[in-house]
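Notes for the one structure printed next.
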Amino acid sequence: MDRQGKILAVIVVVVLAVAGFVIYNNHHQTGNHITYSQTAEYAYVASSERDIYHRPTCRWAQKISAANLVGYNTREEAEKSGRRPCKVCKP
Ligand SMILES: [Zn+2]
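Set out below in structure tokens:
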């Protein structure tokens, strides 16, 4: 393999690694990442790091770090992500 071939091989490996990483993350993404201003558009919110979902008005929902905030339109969506309803806001 010549020098160009080696560089090409490295590029292919890097691209495949990045693609694999993106697919892996999408697979593990458990909701639509949203910002606090978008919470009104979603029926339920959760933290990507916790296994509980809330009504956006819940005091615990307000404590979710903006970086971890995810939104769901339906209960099914939230439940499918493996989350259970909050005992405080009972979504
Ligand atoms: Zn709650």
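No gaps in the numbering here: position 66 of the sequence shown is 233 in my numbering, and each next residue is one more.
Even for Gly, the Cβ is constructed at its ideal location relative to N, Cα and C.
- Cβ neighbours of Ala210 within its own chain (closer than 7 Å, five residues either side excluded): Tyr239, Asn240 and Thr241.
- Annotation: Ala213 is outside any alpha helix (DSSP H); the continuous beta strand (DSSP E) that includes it extends over Tyr211 to Ser214.
- Distances from the alpha-carbon of Ser204 to those of Ile178, Trp227 and Val237 put Val237 closest.
- Residue burial annotation: Ser214 is buried, with at least 16 other C-beta atoms found within 10 angstroms of its C-beta.
- Nearest to Arg226 by alpha-carbon distance, out of Pro258, Val182 and His200, is Pro258.
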